[in-house]
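In what follows, a structure is listed as structure tokens, so that the remarks can point back to it.
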Amino acid sequence: MPTEKIPAIAWQFAERARRLQGSVIREILKIAVRPEVISFAGGLPSPDTFPVARMQAAFDKVLSASGRIALQYGPTDGYLPLREWVANSLSIPGTTIAPEQVLMTSGSQQALDLIGKVLIDEGSKVLVETPSYLGALQAFSVYGPEFVSLPGDEGGLLPEAVASVGAGARLLYALPNFQNPTGRTLSLERRLALVDTCARLGLPLIEDDPYGALSYRAAPLPKMLTMHPDGVVYMGSFSKTLTPGIRLGYVVAPLPLVRKLELAKQAADLHTATLTQMVVYEVVKDGFLDTHIPTIRALYAERCATMLAALTSFFPAGVTWTQPEGGMFIWVTLPAHIDSTQLLDQAIAQNVAFVPGAPFYATNPVRNTLRLSFVTVTPERIREGIEKLGKLIAAQC
Ligand SMILES: Cc1ncc(COP(=O)(O)O)c(C=O)c1O
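This note's numbering applies: residue 8 is where the sequence shown begins, and numbers increase by one.
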């Protein structure tokens with residue numbers, strides 16, 4: 008290297024790099040991992056549910072029986088037996104999903120990015136729920152859309168609101184089951200109405216469904232994909248039913264779109280790891296999830312009930328919250344004058360963490376809201392954490 012001083016590079020970032028924003032949740036999680044912190048912040052599944060021995064046996068089997076295939080490059084669209092399994096699991100009498108419609112992705116988060124890449128231009132209108140999944144807002148934001156927030160209530164988004172704003176939009180992003188962040192579920196009537204409205208408008212309806220299998224009580228409501236497979240793009244994931252560390256999800260789309268998504272994926276990472284796809288196929292192919300998922304549901308249902316009871320006992324009048332029927336989240340609305348970001352600072356000082364609601368809004372953040380996740384915390388710690396939070400809130404009421 009020459010001895011004279013070399014100037015530091017003045018990085019010229021691309022416009023889209025300027026739109027990249029860190030996730031608030033990841034920042035909070037850095038604090039929340041401290042063992043003394045009771046964290047309701049993460050969106051992480053409980054590691055108690057990970058089928059470690061089963062995965063280990065499957066890794067051993069795949070590597071010893073088919074190591075030369077499992078460790079080789081593979082096709083971009085994914086491991087065919089697993090794509091067939093996904094297609095079969097989504098097909099119902101009268102509606103067949105073809106394996107050609109399935110693209111395996113590196114988590115369903117990658118599917119969000121690929122959808123953004125092939126459907127969103129700068130300034131494109133993108134319709135989202137109020138509030139919506141922060142990771143989707145992050146993924147789509149890179150492509151510079153104009154977000155339109157759709158009104159909703161505890162029963163999910165209001166389909167009648169779509170007709171007036173949907174014309175010319177590129178997509179509608181919906182979370183029908185135990186939504187992240189609110190835990191709410193879209194009723195059957197609203198699903199039918201939403202599918203119908205989007206079909207009439209020629210508007211692609213994105214159905215993001217990582218929590219659909221985690222229903223505590225009733226059988227899950229029909230997927231919108233099965234109501235209109237030519238207009239609905241469905242995203243699923245093994246993160247909440249097996250483990251998130253394997254990074255395996257999928258997107259199911261009509262053929263013209265799935266081929267574009269495949270090309271976008273090819274450019275991004277060639278394909279999702281063959282080894283993990285083969286291992287997951289080995290784990291799920293003989294019906295393991297039919298016995299495994301009920302154990303996850305039972306654990307989450309118990310922790311959800313514990314948190315709901317604690318909220319009733321310890322939160323003051325004037326605070327409301329959702330009553331999820333599945334999934335991992337409860338959404339709390341505080342009295343209007345309390346800003347949950349400020350409350351978080353006070354809570355962390357008392358070793359309790361949650362996620363403030365504002366980042367989940369694409370437009371017009373509502374600051375007196377927050378998200379609580381109950382699945383990784385023991386019942387005793389849930390009660391302790393909610394009691395502390397309740398005292399902090401009561402002091403401001
Ligand atoms: C609604 C929603 N969609 C997508 C994802 C991404 O999941 P993964 O990439 O692990 O499949 C998450 C993760 O928490 C989520 O909550």
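For each residue, glycine too, the CB sits at the ideal point set by N, CA and C.
* Asked: If THR56 and ILE389 are in contact, beta carbons under 8 Å, what's the gap, nearest whole angstrom?
  -> Along the sequence shown, one-based indexing puts residue 56 at 49. Along the sequence shown, one-based indexing puts residue 389 at 382. Contact flag wrong, Cβ pair sits at about 17 Å.
* To do: Please state whether DSSP places MET231 in a helix, a strand or coil.
  => Within the sequence shown, the letter at position 224 stands for residue 231. Assigned with DSSP and collapsed to three states, MET231 falls in helix.
* To do: May I ask which residues mark the beginning and end of the alpha helix (DSSP H) holding ALA402?
  => Against the sequence shown, residue 402 aligns to sequence position 395. Per DSSP, ALA402 is not a residue of any alpha helix (DSSP H), being assigned neither H nor E.
* **Exposure label - PRO42; buried when at least 16 CB within 10 Å** => Mapped onto the sequence shown, residue 42 falls at position 35. With a threshold of 16 other beta carbon atoms within 10 Å, PRO42 falls short and is exposed.
* **Residues passing the C-beta test against ligand 1 heavy atoms, cut-off 6 Å** => Spelled out in chain order, the answer is GLY50, GLY114, SER115, GLN116, TYR140, GLY142, LEU182, ASN187, ASP215, PRO217, SER244, SER246, PRO251, GLY256.
* How many angstroms separate the CA atom of GLU332 from the CA atom of LEU201? -> Taking the first residue of the sequence shown as position 1, residue 332 is located at position 325. Taking the first residue of the sequence shown as position 1, residue 201 is located at position 194. Cα-Cα distance, rounded: 21 Å.
* To do: Indicate the three-state DSSP secondary structure (helix, strand or coil) for ASP216 in the structure shown.
  => Within the sequence shown, numbered from 1, the residue matching residue 216 stands at position 209. DSSP places ASP216 in coil when its eight states are reduced to three.
* Asked: Under the DSSP definition of a beta bridge, which residues are partnered with GLY29?
  -> Counted from its first residue, the sequence shown places residue 29 at position 22. In the DSSP secondary-structure assignment, GLY29 is not bridged to any residue.
* Asked: What is the rounded straight-line gap between the Cα of ILE76 and the Cα of ASP84?
  -> Here residue 76 is taken as the residue at index 69 of the sequence shown, counted from 1. Here residue 84 is taken as the residue at index 77 of the sequence shown, counted from 1. Roughly 16 Å between the two C-alpha positions.
* Asked: If you draw a straight line from the C-alpha of SER148 to the C-alpha of PRO236, how long is it?
  -> Residue numbering aside, residue 148 sits at position 141 when the sequence shown is read from its first letter. Residue numbering aside, residue 236 sits at position 229 when the sequence shown is read from its first letter. Roughly 26 Å separates the two Cα atoms.
* Asked: From this set, THR329, PRO372, SER246, SER131, which residue's C-alpha is nearest PHE185's C-alpha?
  -> Sequence index remark: in the sequence shown, residue 185 carries index 178 (1-based). For PHE185, the nearest C-alpha among the options comes from THR329.
* Local conformation of TRP338 per DSSP, three classes -> Here residue 338 refers to the residue found at position 331 when the sequence shown is read from its first residue. Residue state, collapsed to three classes: strand.
* How many angstroms separate the CA atom of PRO138 from the CA atom of THR189? -> Your numbering for residue 138 matches position 131 in the sequence shown. Your numbering for residue 189 matches position 182 in the sequence shown. Roughly 8 Å separates the two Cα atoms.
* Count the other C-beta atoms from every protein chain shown that fall within 10 angstroms of the C-beta of PRO152, then say buried if there are 16 or more, exposed otherwise. => Start at 1 with the first residue of the sequence shown, and residue 152 comes out as number 145. So PRO152 counts as buried.
* Asked: Any idea what DSSP makes of LYS247, helix, strand or coil?
  -> Start at 1 with the first residue of the sequence shown, and residue 247 comes out as number 240. Correct three-state label for LYS247: coil.
* Assumed close pair SER30, GLN116 - CB separation to whole angstroms, cut-off 8 Å -> Mapped onto the sequence shown, residue 30 falls at position 23. Mapped onto the sequence shown, residue 116 falls at position 109. Cβ atoms of SER30 and GLN116 stay farther apart than 8 Å, at about 11 Å.
* Asked: Which residues in the same chain have their Cβ closer than 8 Å to the Cβ of PHE295, if we skip the five residues on either side of it in sequence?
  -> Within the sequence shown, residue 295 is the residue found at index 288, counting from 1. Only residues of its own chain outside the window of five on either side were considered, and among them PRO58, ARG61 have a CB closer than 8 Å to the CB of PHE295, listed in chain order.
* When the Cα atoms are used, what is the spatial distance from GLU34 to LEU27? -> Position 27 of the sequence shown holds residue 34. Position 20 of the sequence shown holds residue 27. Cα to Cα, GLU34 sits roughly 15 Å from LEU27.
* Asked: How is LEU193 classed by DSSP in three states: helix, strand or coil?
  -> The residue labelled residue 193 in the question sits at position 186 within the sequence shown. Coil, per DSSP.
* Short CB-CB distance (under 9 Å) between PHE245 and chain D -> No chain D is part of this structure, which consists of one protein chain only.
* Between the CA atoms of GLY364 and LEU134 - distance to the nearest angstrom -> Counting from 1 along the sequence shown, the entry for residue 134 is found at position 127. Counting from 1 along the sequence shown, the entry for residue 364 is found at position 357. In a straight line, the C-alpha of LEU134 is about 19 Å away from that of GLY364.
* Asked: What are the boundary residues of the beta strand (DSSP E) that VAL291 is part of?
  -> Counted from its first residue, the sequence shown places residue 291 at position 284. For VAL291, no beta strand (DSSP E) run applies; the uninterrupted alpha helix (DSSP H) run containing it begins and ends at 281-291, by DSSP.
* **Through-space distance from LEU318 to GLN403, alpha-carbon basis** => In the sequence shown, the residue the question calls residue 403 occupies position 396. In the sequence shown, the residue the question calls residue 318 occupies position 311. Computed Cα separation, rounded: 17 Å.
* Ignore the nearest five residues each way along the sequence and tell me which others in THR250's own chain have a CB closer than 6 Å to its CB. => Mapped onto the sequence shown, residue 250 falls at position 243. Here the set comprises PHE57.
* What did DSSP end up calling TRP18 once you bin it into helix, strand or coil? -> Within the sequence shown, numbered from 1, the residue matching residue 18 stands at position 11. Coil.
* Asked: DSSP three-state call for LEU121: helix, strand or coil?
  -> One-based indexing of the sequence shown puts residue 121 at position 114. DSSP places LEU121 in helix when its eight states are reduced to three.
* In the DSSP assignment, find the alpha helix (DSSP H) that holds GLY142 and state where it starts and stops. => Against the sequence shown, residue 142 aligns to sequence position 135. Note, GLY142: alpha helix (DSSP H), 141-148.
* With which residues is MET111 paired in a DSSP beta bridge? -> Within the sequence shown, the letter at position 104 stands for residue 111. The partner list for MET111 (beta bridge, DSSP) reads TYR257.
* Excluding sequence positions up to five away, which residues of its chain have a Cβ less than 8 Å from the Cβ of ILE300? -> Mapped onto the sequence shown, residue 300 falls at position 293. For ILE300, where only same-chain residues beyond five positions count, the Cβ hits under 8 Å are ALA220, LEU221, THR248.
* State the DSSP-derived secondary structure class of PRO52, mapped to helix, strand or coil. => One-based indexing of the sequence shown puts residue 52 at position 45. In this structure, PRO52 counts as coil in the three-state DSSP scheme.
* Asked: When the Cα atoms are used, what is the spatial distance from MET242 to PRO227?
  -> Taking the sequence shown and counting its residues from 1, the one referred to as residue 242 is at position 235. Taking the sequence shown and counting its residues from 1, the one referred to as residue 227 is at position 220. Answer to the nearest angstrom: the Cα atoms are 16 Å apart.
* **Range covered by the beta strand (DSSP E) that runs through THR376** => Here residue 376 refers to the residue found at position 369 when the sequence shown is read from its first residue. In this chain, the beta strand (DSSP E) harbouring THR376 covers 376-380.
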